[in-house]
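For reference, the structure discussed in these notes is given below.
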Amino acid sequence: MKKIIFLTLLFLALPDYVKAYCSDQEMIRLQRIAKNINSSYNYNETNGRFQITLTNLKNDLIIYDLYDDKYYNTNEDLVFNDLYSGKHTYIIYAKNENCTEHELATINVELPYINTFYNNSECKGIENYSYCSKWVEHVIPEEIWSAKVKTYKEKFKETKTTKEKASFLQELFNNYQKYYYIVLPVVIMLFSAVIIIKNRKDSLV
Numbered sequence: 000m001k002k003i004i005f006l007t008l009l010f011l012a013l014p015d016y017v018k019a020y021c022s023d024q025e026m027i028r029l030q031r032i033a034k035n036i037n038s039s040y041n042y043n044e045t046n047g048r049f050q051i052t053l054t055n056l057k058n059d060l061i062i063y064d065l066y067d068d069k070y071y072n073t074n075e076d077l078v079f080n081d082l083y084s085g086k087h088t089y090i091i092y093a094k095n096e097n098c099t100e101h102e103l104a105t106i107n108v109e110l111p112y113i114n115t116f117y118n119n120s121e122c123k124g125i126e127n128y129s130y131c132s133k134w135v136e137h138v139i140p141e142e143i144w145s146a147k148v149k150t151y152k153e154k155f156k157e158t159k160t161t162k163e164k165a166s167f168l169q170e171l172f173n174n175y176q177k178y179y180y181i182v183l184p185v186v187i188m189l190f191s192a193v194i195i196i197k198n199r200k201d202s203l204v
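Under this note's numbering, the first residue of the sequence shown is numbered 0, with each subsequent residue one higher.
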């Protein structure tokens, strides 16, 4: 009798056990879907805010927005508006409660900061320098920006001068190669004339 009761209880508990199981194959499938999510962002010049878009979402996933502390479950693109510069994190979980012990993936989107000095007159001629670009990874204090730009301009000037000298010498060499049959005889004649004149002067002494 006791054996029958035990088997009955085991039978009743078995469906819950099966339900609570998340296979390795299912986890691999979910992780593959999670890693296939793409992120992109745009900047709104009108309000000075960013927009982040997450694509390739599936109903099998739960998206947790760490910034706003909200959860999303959708088969369509997710769009987050009016965002500030800085790091925005989205954690991906499985919708299946039996597979949610750990996150499947984490998406970090680093929204850049506007460089308030990028239109400064000191950036004229070095617009491609990172400290003169419109976007930077972090807020830059004015004293640090000024020192960086000053140092770069000095190096830029030295490099430009070196390149100009090298270019002049290269051009001179190229012209010599092109007209050596004219230049070389003239040089030889000049040296010969100098030697003859010197010898004559020496013979008169």
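Glycine included, each C-beta is placed from N, C-alpha and C at the ideal position. These numbers come from a predicted model, not from an experiment.
First and last residue of the uninterrupted beta strand (DSSP E) at residue i
i      : result
Lys-86 : 85–93
Phe-49 : 48–54
Leu-57 : Leu is not the amino acid found at residue 57; the sequence shown has Lys there. Element bounds for Lys-57: n/a, residue is neither H nor E.
Leu-82 : 77–82
Three-state secondary structure (DSSP) of residue i
i       : result
Phe-155 : helix
Asn-97  : helix
Ile-62  : strand
Lys-69  : strand
Glu-109 : strand
Val-138 : coil
Tyr-40  : strand
Lys-149 : helix
Met-188 : helix
Segment limits, alpha helix (DSSP H) that includes residue i
i      : result
Asn-25 : Before going further, note that residue 25 is Glu rather than Asn in the sequence given. Segment 23–34, the alpha helix (DSSP H) holding Glu-25.
Residue from the options with nearest C-alpha to residue i
i       : options                            : result
Glu-102 : Ile-194, Gly-85, Ile-62            : Ile-62
Ala-104 : His-87, Asn-55, Ile-32, Ile-113    : Ile-32
Gly-47  : Asn-72, Leu-110, Thr-54            : Leu-110
Ser-22  : Asn-95, Val-135, Val-138, Glu-153  : Asn-95
Leu-205 : Thr-73, Asp-59, Phe-79             : The shown model of the chain, from 0 to 204, leaves out residue 205, and the question about it has no answer.
Trp-134 : Ile-113, Lys-34, Phe-49, Asn-43    : Ile-113
Trp-144 : Thr-99, Val-108, Gln-30, Tyr-130   : Tyr-130
His-87  : Thr-45, Lys-34, Thr-52             : Thr-52
Phe-155 : Glu-126, Leu-60, Ile-187, Pro-140  : Glu-126
Val-148 : Cys-122, Ser-191, Val-138, Pro-140 : Cys-122
Thr-73  : Ser-84, Tyr-83, Asp-67, Asn-58     : Asn-58
Asp-67  : Asn-35, Tyr-83, Asn-37             : Tyr-83
For residue j and residue i, believed in contact at Cβ under 8 angstroms, the rounded distance
i      : j      : result
Asp-81 : Leu-56 : Between Leu-56 and Asp-81 the Cβ distance is about 21 angstroms, and since that is not below 8 angstroms, they are no contact.
Handout entry: Sufficient close CB pairs (3 or more, under 8 angstroms) joining the region 116–125 to the region 80–99
Key = Counting Cβ pairs under 8 angstroms, fewer than three are found: no touch.
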